[in-house]
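Residue numbers (the numbering used here): 15 to 307.
The next block holds one structure in the form of structure tokens; read it before the comments.
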Amino acid sequence: MILIDGKKVAEEIKQNIKIQISELKEENNKLPGLVTIIVGDNPASQVYVNMKSKTCIELGMNSKVEQLDGNISEEVLLTIIDKYNKDENFHGILVQLPLPKHIDEDKVIEKIIPEKDVDGFHPINVGNLVIGKDTLFPCTPYGILKLLEKYHIETKGRHVVVVGRSNIVGKPVANLLLQKKDNANAIVTVCHSATSDISKYTKQADILIAAMGKPKFITENMVKENAVVVDVGTNRVDDPTAKKGYRIVGDVDFDNVSKKVSHITPVPGGVGPMTIAMLMYNTLKAYQRKNNL
Ligand code: NAP
């Protein structure tokens, strides 16, 4: 069994970005910049935003965190986004989700101009992904494709089963893998909560992508011998023996499934680190597109 080391691959991608940015610096170019907008004080969101900002700085990009009050009106938030749409110092705009209930997430996503939508959630970017055009792809799905590519896992003509159909993971990863392109070209099945007898499908998977948010849902009797398993799940489970009182587990029962498969991503250290790496990748890509590089 080969453990897919997302931490290592993410590090390689980030180092490559760092080199490209240092070259821009040497040539006295304006540098890529990412603004992260956070509304309210959700502790998990604060951790994610700090990680993103820290990574930007490590790679030599400009980073700004716009911390907004949880009671801010939707209208004011949209005006702030528009300000950054026009600000040439920032090539990427990321609004940390989830937002407070009084704000319509769709309106916020649609307010960010597609060229700066480094999360790849804008309907124009989603549409371009579906029709096979190059665009800013959502970070987690794109990270999964990069992991498969780095480990030379053939996708062409192979059966990929995705469990989960969210707009953030399931749908985009399914659509990316469906494209008639290198490192894609797969036969794709998508399962969700209305799928009865999920194991009927998962057992057929050459590559199984679990993105449902259900701890250890995928057990060894649900996977084919020598399959490739990508575990996107990031679930907190109580663990009184852990320092924080909880630990993070995936959607896959790693200990048992790993004995049966050819490749598997661990949680943590698999897909997770790729998400931030691909956010940096997208910010650089947005910058390059803006400057016709
Ligand atoms: P989500 O929006 O809650 O979507 C979950 C999907 O799984 C839905 O499509 C749901 O079906 C399906 N599902 C739920 N229970 C199911 C069941 N028992 N059988 C079959 N399908 C089921 O979640 P998400 O945002 O896609 O995230 C999924 C997981 O990935 C979470 O643990 C999340 O924390 C993690 N995640 C990790 C990263 C990372 O960077 N590593 C990034 C994003 C998300 P319906 O559509 O029918 O409701």
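Using N, Cα and C, we set each Cβ at its ideal position, and we do this for glycine too.
Residue i: CB within 7 Å of a non-hydrogen atom of the ligand NAP
| i | result |
| --- | --- |
| R261 | no |
Opening and closing residue of the alpha helix (DSSP H) in which residue i lies
| i | result |
| --- | --- |
| E234 | Here E234 belongs to no alpha helix (DSSP H), and DSSP marks it neither H nor E. |
| V144 | P137 to V144 |
| V285 | V285 to K304 |
| V244 | Run containing V244: none in the alpha helix (DSSP H); it sits in the beta strand (DSSP E), V242 to D245. |
| V263 | Counting along the chain, V263 falls outside any alpha helix (DSSP H), though it belongs to the beta strand (DSSP E) covering Y260 to V263. |
| L307 | Neither: L307 is in no alpha helix (DSSP H) and is coded neither H nor E. |
| L6 | Residue 6 cannot be examined here, being either before or after the span of the chain that is shown, 15 to 307. |
| G20 | G20 to E40 |
| N270 | F268 to V271 |
Proximity below 8 Å, CB of residue i to CB of residue j
| i | j | result |
| --- | --- | --- |
| M65 | T297 | no |
| T279 | D253 | no |
| L150 | K125 | no |
| A256 | A241 | no |
| L191 | V177 | no |
| V53 | P137 | no |
| A225 | G184 | yes |
| L108 | T50 | yes |
| C121 | G106 | Correcting the residue type first, residue 121 is Lys in the shown sequence and not Cys. Against a cut-off of 8 Å, the Cβ pair of G106 and K121 comes out as no contact. |
| V23 | M236 | no |
| T154 | N197 | no |
| I18 | Y156 | no |
| S265 | K299 | Per the sequence shown, the amino acid found at residue 265 is Asp instead of Ser. Going by C-beta atoms, D265 is not nearer than 8 Å to K299. |
| L161 | G286 | no |
Limits of the beta strand (DSSP E) - the one that residue i falls within
| i | result |
| --- | --- |
| G106 | G106 to V109 |
| A224 | I221 to A224 |
| T279 | Careful: T279 lies outside any beta strand (DSSP E) and carries neither H nor E. |
| V49 | G47 to V53 |
| N249 | N249 to D252 |
Residues near the ligand NAP, criterion Cβ-heavy atom distance below 6 Å: Result (chain order): T154, V177, G178, R179, S180, I182, V183, G184, C205, H206, S207, A208, T209, I212, A225, M226, G227, K228, V246, G247, T248, N249, V285, G286 and T289.
Complete runs of the alpha helix (DSSP H) confined to the region 83–128 [at least 4 residues]: Qualifying alpha helix (DSSP H) stretches, in chain order: 88–100 and 119–125.
Completely contained alpha helix (DSSP H) runs for the region 163–234, where each covers 4 or more residues: Restricting attention to alpha helix (DSSP H) runs no shorter than 4 residues, the region 163–234 encloses them at 184–192 and 212–216, ordered along the chain.
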